[in-house]
Each structure stands twice: as C-alpha cells, then as structure tokens.
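Engineer:
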Amino acid sequence: MLIWADVLRLGLSFDQLIGEGLRVSDLVCMQPDPMQWIKCAGAGLAHARMMTIWPVNPFTHLGADLGDVLAQRFSADELKRMSVSHGQLVRNGMTEKIEPMFRFDAREWALLGKPASSVSGS
Numbered sequence: 004m005l006i007w008a009d010v011l012r013l014g015l016s017f018d019q020l021i022g023e024g025l026r027v028s029d030l031v032c033m034q035p036d037p038m039q040w041i042k043c044a045g046a047g048l049a050h051a052r053m054m055t056i057w058p059v060n061p062f063t064h065l066g067a068d069l070g071d072v073l074a075q076r077f078s079a080d081e082l083k084r085m086s087v088s089h090g091q092l093v094r095n096g097m098t099e100k101i102e103p104m105f106r107f108d109a110r111e112w113a114l115l116g117k118p119a120s121s122v123s124g125s
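Under my numbering, the residues of the sequence shown are numbered 4 to 125, in order.
Here you go:
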C-alpha cells in the first residue's frame, strides 16, 4: 500500500502515479491537500481537468493567468467544477473583447455566474 510519505520519499510524480494506474480518487485519499500534489508531485495546469475532484482552481491553486486558462480550452462545465466564476475571470483580466474567445453560449456564461442582464448579449 502506497502512502503519501512513500510518494515524498521516492520522489514520485503525479504523472507517474496516474501512469501506474492509480485513479485520482486514490490520490485524493492518499493526500487530500491539492497544494501538496502541486508543490511536491509536479501537478500543474495540464492536470487541472483530472483534479476537479478536489477541486483545483487554475488561478488560485495553480497560479495560471487568463491566457493560460484560455489556452487549455476548458469547457464552462469544467471551469464550474474548478470553482471558476465569471467574476474571477473578469478579475483575472477578461474583458468584453476577450470573452468571445471562450466560445461559450449564454447558458454556459450563466453557469459561471455572468449577470443575466449581460448574458443575452453573448
């Protein structure tokens, strides 16, 4: 049975453990603090989709910027599961000119908490 101390002692990475067939739910049981996976096992933005079980927020946990998030092409549902809101996107630099780059429809923006008065224009 592998425990978190083994991961640290052996220098195992998030990728190695997933590659060996461990499920993300196994990793959560082993170490429930996502910041430990980020700091000690190399988990990063490329793993964010797998890490929604924690949930890991790309801005607050992974230090991503708006460009990083856009490049990942996350769906609105994925962002919601990562606890990303419309307001957080705006606080991280999203403008009305950048917003269409997300390619979300009005329902998806509403899912992320965009005010109804501004959803109809999307």
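In this text, a Cβ means the ideal position worked out from N, Cα and C, and glycines have one as well.
Can you give the Cα-Cα distance for leucine 115 and asparagine 95, rounded to whole angstroms?
Structural biologist: Numbered from its first residue, the sequence shown carries residue 115 at position 112. Numbered from its first residue, the sequence shown carries residue 95 at position 92. Approximately 14 Å, taken between the alpha carbons.
Engineer: Please state whether the Cβ-Cβ distance between arginine 12 and threonine 55 is less than 7 Å.
Structural biologist: Numbered from 1 along the sequence shown, position 9 holds the residue referred to as residue 12. Numbered from 1 along the sequence shown, position 52 holds the residue referred to as residue 55. No.
Engineer: In the DSSP assignment, the alpha helix (DSSP H) including aspartate 29 goes from what residue to what residue?
Structural biologist: For this step, residue 29 is matched to residue 26 along the sequence shown. Aspartate 29 -> alpha helix (DSSP H) spans 27-33.
Engineer: Quick check: the Cα distance between alanine 2 and glutamine 75, rounded to an integer number of angstroms?
Structural biologist: Nothing about residue 2 can be reported from this structure: the residues present for the chain run from 4 to 125 only.
Engineer: Please report the distance separating the alpha-carbon of aspartate 29 from that of aspartate 18.
Structural biologist: Stepping through the sequence shown from its first residue, residue 29 is reached at position 26. Stepping through the sequence shown from its first residue, residue 18 is reached at position 15. Answer to the nearest angstrom: the Cα atoms are 13 Å apart.
Engineer: Quick one: Cα of glycine 14 to Cα of proline 37, how far?
Structural biologist: What you label residue 14 is simply residue 11 of the sequence shown in a count that begins at 1. What you label residue 37 is simply residue 34 of the sequence shown in a count that begins at 1. Approximately 16 Å between the Cα atoms of the pair.
Engineer: Leaving aside the five residues before and after valine 27 along the sequence, list all residues of the same chain whose C-beta is less than 8 Å from its C-beta, in chain order.
Structural biologist: Locating residue 27 in the sequence shown gives position 24, counting from the first residue. Only Ile21, Met53, Met54 and Ile56 meet the Cβ criterion.
Engineer: In the structure shown, what three-state DSSP assignment does serine 123 receive?
Structural biologist: Looking up residue 123 in the sequence shown gives position 120. Caution applies to serine 123, whose pLDDT of 46 falls short of 50 and renders its modelled position unreliable; the value that the coordinates give is listed next. Of the three classes helix, strand and coil, the one that applies to serine 123 here is coil, per DSSP.
Engineer: Give the secondary structure of histidine 50 by DSSP, where H, G and I count as helix, E and B as strand, and everything else as coil.
Structural biologist: For the purposes of this step, residue 50 is taken as the residue at position 47 of the sequence shown. Helix at histidine 50.
Engineer: Taking 6 Å as the limit between beta carbons, can you name the residues of its chain near glutamate 111, skipping five residues before and five after?
Structural biologist: Within the sequence shown, the letter at position 108 stands for residue 111. If we look at glutamate 111 and ignore the five residues flanking it on each side, its Cβ neighbours are Ala79.
Engineer: Tell me the rounded alpha-carbon separation between lysine 117 and glycine 66.
Structural biologist: Taking the first residue of the sequence shown as 1, we reach residue 117 at position 114. Taking the first residue of the sequence shown as 1, we reach residue 66 at position 63. Answer to the nearest angstrom: the Cα atoms are 23 Å apart.
Engineer: Does the beta-carbon of glycine 70 have 16 or more other beta-carbons within 10 angstroms, so that it is buried, or is it exposed?
Structural biologist: If you number the sequence shown from 1, residue 70 lands on position 67. When all chains shown are included, glycine 70 counts as exposed.
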